[in-house]
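Chemist:
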Amino acid sequence: MPSKAEQKGSVTLQAYADALQEWYDANPGVELRKTSIDIWDQEAMVTAVAGGTAPAIYPSNPLGGWSQPEINSAFKQGLAADVTERIDNSGLVGKLSDYVRPAFESAWKVGGKYYGVPGGYSVGDGIFYRRDLFAQADVAEPTPKWTWADVQRMARALTVKDRKGIAEPAWALSMRFTSAGSGLLTDLPAPDTTWHWRSDYTSMADSWVTIIEDFRRMMFEERSIVSDISYNSWNEVTAAFLRDDVAMRPGNSTSYFDSPDSDTSFASLAKRLDKPVGDVVGWMSYPLGEQGQFPGRRSFITAYSFNPDLGSEALDACFSLYSFMIGPGLVQQVNAVYEKTKDLRQVYDAGTLTPILAETRGKLPGSPEEAWGKQFVDAVLGAGSRMVVPERSSYLPPEEKAGPSSKASEDAFSRWMYERGDLDLRADVRRLEATLNKQAESFSSSVGKEEFVAGAKKYFAAHDEFWQTDAPEFHEQIFRPWYEDRVLPALGE
1 MPSKAEQKGS
11 VTLQAYADAL
21 QEWYDANPGV
31 ELRKTSIDIW
41 DQEAMVTAVA
51 GGTAPAIYPS
61 NPLGGWSQPE
71 INSAFKQGLA
81 ADVTERIDNS
91 GLVGKLSDYV
101 RPAFESAWKV
111 GGKYYGVPGG
121 YSVGDGIFYR
131 RDLFAQADVA
141 EPTPKWTWAD
151 VQRMARALTV
161 KDRKGIAEPA
171 WALSMRFTSA
181 GSGLLTDLPA
191 PDTTWHWRSD
201 YTSMADSWVT
211 IIEDFRRMMF
221 EERSIVSDIS
231 YNSWNEVTAA
241 FLRDDVAMRP
251 GNSTSYFDSP
261 DSDTSFASLA
271 KRLDKPVGDV
281 VGWMSYPLGE
291 QGQFPGRRSF
301 ITAYSFNPDL
311 GSEALDACFS
321 LYSFMIGPGL
331 VQQVNAVYEK
341 TKDLRQVYDA
351 GTLTPILAET
361 RGKLPGSPEE
371 AWGKQFVDAV
381 LGAGSRMVVP
391 ERSSYLPPEE
401 KAGPSSKASE
411 DAFSRWMYER
421 GDLDLRADVR
431 RLEATLNKQA
441 ESFSSSVGKE
451 EFVAGAKKYF
461 AAHDEFWQTD
471 APEFHEQIFR
481 PWYEDRVLPA
491 LGE
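Note that the UniProt record's numbering has the sequence shown beginning at 1, numbered continuously upward.
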């Protein structure tokens, strides 16, 4: 509970305290204690849960370093309480917003059980852009069907003497790979191996080499990109964007909601230019692949888990608190803040523009368009309406231990992004594949061969059906031939 002094200095904290007190009043005898631990640190949290010193409630995603397979492995290891019965009894899934429900069920239902509850929903990452600079350069704004070729063209047109087209973080190239199908087309089932999977970059080397060449052309020839190997967070690209050094920068849509009082917010940039924020900064989800597939990152759910050492009564109380704070408590807080501030920007943020529960939006004042502008709201809601890509975890049991690390891939991407000179890209792609497969030889799957084959067949069949609807051109030209020639034979079909 925030102190009286903290509440006095913050409308938001006062509203939070009032909502929390209401739950306290309805649950006499329950006591909450604050504990000090870095809940975002994977090692710290895994150690705390295993050692019996973890908080009662904590974010699920850091347990696996924000990697869904590793999160599922953490659940398999018993690092979170099974809350399936409580979710079923509360009817929570039926209360979720339409865009949250499939994303939650596909990613967070592990082996038929739930070990987490929805904490937040995000349509994921995309690209922020300066609408005013696009207008000045007479460049058409992005649309939901744009591609990376459009980004290259726009960046080139927006690059002038004192400004580059786009600032990119150190992982930028991986997003272009994902848009082309990396993570699906690069992972072949191999049930006769110990890990059951093998990497395959060489069969579609032409695609990967073209993507690398296009990025390097932007970086070293057109010089329309600002990036550095040290850009390991959003901070560097944000700073370049706010300094007017670039006209575009990637980032999560939730950054739009940063406090107007912050010097690093888009609202402060708009204030400096004496314009509404919606007229200055736009956002669009990551570009599609050339055949209409895969935005670089789709919507995702953040979740909360509960300490597996909690007794039944304590777990009931924690689940009750969670249910209240994402429902009536949230609505109470937001309306209280609006009554004091009359500022719709403090009403609509990541938790209320795309709320977890379907009924929330109808209980809030005003509209998100009034707060943030139509372009941004339409782009976010449009991204949220996209179908959810089939997740492995919905079809295959979680591994007890996570597989090979991503370091080899990260090293390769870094070389391709920043090393000058002529590189033998095809040799690099072959080398990456060989390295990943060599690493996989030292891992053993905890899933039996027959169980793996059965699950993999269902997983790839789901993708076959998904892409036929979501991206017919990609399905016909890329996925279906690959599925028939590479996947089905590997699974004995």
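We put the beta carbon where it would ideally sit given N, CA and C, even for glycine.
#1: Quick check on DSSP: helix, strand or coil for residue 252?
#2: Where residue 387 and residue 9 are concerned, what is the direct C-alpha to C-alpha distance, given to the nearest angstrom?
#3: Name the one or two DSSP bridge partners that residue 305 has.
#4: If you pair each beta-carbon of the segment 111–123 with each one of the segment 338–354, do three or more pairs fall below 8 Å?
#5: Please confirm whether residue 548 and residue 160 have their CB atoms less than 9 Å apart.
#6: Looking at residue 397 and residue 450, is the spacing between their C-beta atoms short of 9 Å?
#7: Over what stretch of residues does the beta strand (DSSP E) that includes residue 129 continue unbroken?
#8: For residue 215, which beta-bridge partners are listed by DSSP?
#9: Pick from 132, 34, 236: whose alpha carbon is nearest that of residue 55?
#10: Is it buried or exposed, residue 176, if we count other Cβ atoms within 10 angstroms and call 16 or more buried?
#11: Counting Cβ pairs closer than 8 Å, one from the segment 365–383 and one from the segment 101–114, do we hit at least three?
#12: What separation, rounded to the nearest whole angstrom, lies between the Cα atoms of residue 394 and residue 196?
#13: How far does the beta strand (DSSP E) with residue 199 in it extend, from its first residue to its last?
#14: Within a Cβ cutoff of 6 Å, which residues of the same chain sit near residue 285, ignoring the five residues on either side of it in sequence?
#15: What's the gap between the Cα of residue 467 and the Cα of residue 104?
#16: Given a threshold of 16 other Cβ atoms within 10 Å of its Cβ, counted over all protein chains shown, does residue 456 qualify as buried or as exposed?
#17: For residue 242, I'd like the list of residues in its chain whose CB is within less than 7 Å of its CB, leaving aside the five on either flank, ordered along the chain.
#18: Grab me the residues of residue 259's own chain with a C-beta within less than 7 Å of its C-beta, minus the 5 sequence neighbours each way, in chain order.
#19: Ignore the nearest five residues each way along the sequence and tell me which others in residue 236's own chain have a CB closer than 8 Å to its CB.
#20: For residue 110, which beta-bridge partners are listed by DSSP?
#21: Drop a sphere of 10 angstroms on the beta-carbon of residue 391, count the other beta-carbons inside from all chains shown, and report buried for 16 or more, exposed for fewer.
#22: How close, in whole Å, do the beta carbons of residue 460 and residue 86 come, if the pair is a contact with beta carbons under 8 Å?
#23: Got a sec? Which residues, its chain only, sit under 8 Å from residue 280 by beta carbon, not counting five neighbours each side?
#24: Smallest Cα separation from residue 101: which of 417, 357, 426?
#25: Mapping the DSSP letters down to three states, classify residue 247 as helix, strand or coil.
#26: Just tell me which of 287, 107, 370 has its CA closest to the CA of residue 300.
#27: Roughly how many angstroms lie between the CA atoms of residue 65 and residue 250, to the nearest whole one?
#28: Under a three-way DSSP split, which group does residue 386 fall into?
#29: Where does residue 329 fall in DSSP's three states?
#30: On the premise that residue 15 lies in contact with residue 336, defined as a C-beta separation below 8 Å, what is that separation, rounded to the nearest angstrom?
#31: Quick one, are the C-beta atoms of residue 359 and residue 329 less than 9 Å apart?
#32: If we ignore side chains and look at the alpha-carbon of each, how far apart do residue 492 and residue 485 end up?
#33: Check this for me: beta carbons of residue 151 and residue 45, under 9 Å apart or not?
#34: Taking the beta strand (DSSP E) that residue 165 falls in, what are its first and last residues?
#35: Residues in the same chain with beta-carbon distance under 6 Å from residue 453, minus the five sequence neighbours each way, listed in chain order, please.
#36: Please look up how many angstroms separate the CB atoms of residue 400 and residue 442, rounded, as I've assumed it's under 8 Å.
Modeler: Inspection of the coordinates gives the following:
#1: Note: residue 252 maps to strand in three-state DSSP.
#2: Each residue's Cα considered, the two are about 43 Å apart.
#3: Beta-bridge annotation (DSSP): residue 305 is paired with 58.
#4: With a cut-off of 8 Å, the segment 338–354 and the segment 111–123 count as touching, because enough Cβ pairs lie within range.
#5: Not covered by the structure: residue 548. The range shown for the chain is 1 to 493.
#6: Not a contact, by the Cβ cut-off of 9 Å.
#7: Residue 129 -> beta strand (DSSP E) spans 125–130.
#8: BP columns for residue 215 are empty, so no partner.
#9: Looking only at 132, 34, 236, the smallest Cα-Cα distance to residue 55 is reached by 34.
#10: Classification for residue 176: buried.
#11: No, the segment 365–383 does not touch the segment 101–114.
#12: Approximately 17 Å, taken between the alpha carbons.
#13: Judged by DSSP secondary structure, residue 199 falls within the beta strand (DSSP E) whose first and last residues are 196–199.
#14: Closer than 6 Å at the Cβ level, and outside the excluded window around residue 285, lie 126, 295, 383.
#15: C-alpha separation (whole angstroms): 20 Å.
#16: Taking all protein chains in view, the Cβ of residue 456 is crowded by 16 or more other Cβ atoms within 10 Å, so the residue is classified as buried.
#17: 264, 269, listed in sequence order.
#18: Within the same chain, 265 come within 7 Å of residue 259 by CB-CB distance, once the 5 residues on both sides are set aside.
#19: Hits under 8 Å: 167, 169, 228, 230.
#20: Paired residues: 113.
#21: If you draw a 10 Å sphere on the C-beta of residue 391, you find 16 or more other C-beta atoms in it, and that means buried.
#22: The C-beta separation of residue 460 from residue 86 comes to about 33 Å, leaving the pair out of contact by the 8 Å criterion.
#23: These residues qualify, in order along the chain: 130, 131, 132, 266, 269, 270, 273.
#24: Nearest C-alpha to residue 101: 357.
#25: Three-state DSSP puts residue 247 in a strand.
#26: Distances from the alpha-carbon of residue 300 to those of 287, 107, 370 put 107 closest.
#27: One C-alpha to the other measures close to 21 Å.
#28: Residue state for residue 386 is assigned as coil, using DSSP reduced to three classes.
#29: Assignment of residue 329 by DSSP, reduced to helix, strand and coil, places it in the helix class.
#30: Contact between residue 336 and residue 15 holds, with the beta-carbon distance rounding to 4 Å and staying under 8 Å.
#31: By the CB criterion at 9 Å, residue 359 and residue 329 fall outside the cutoff.
#32: The straight-line gap from Cα to Cα measures roughly 12 Å.
#33: By the CB criterion at 9 Å, residue 151 and residue 45 fall outside the cutoff.
#34: DSSP places residue 165 inside the beta strand (DSSP E), whose first and last residues are 164–167.
#35: The beta carbon of residue 453 sits closer than 6 Å to the beta carbons of 191, 491 from its chain, once the five residues preceding and following it are set aside; these are given in chain order.
#36: In fact, because the Cβ distance is near 15 Å, the residues do not count as touching under 8 Å.
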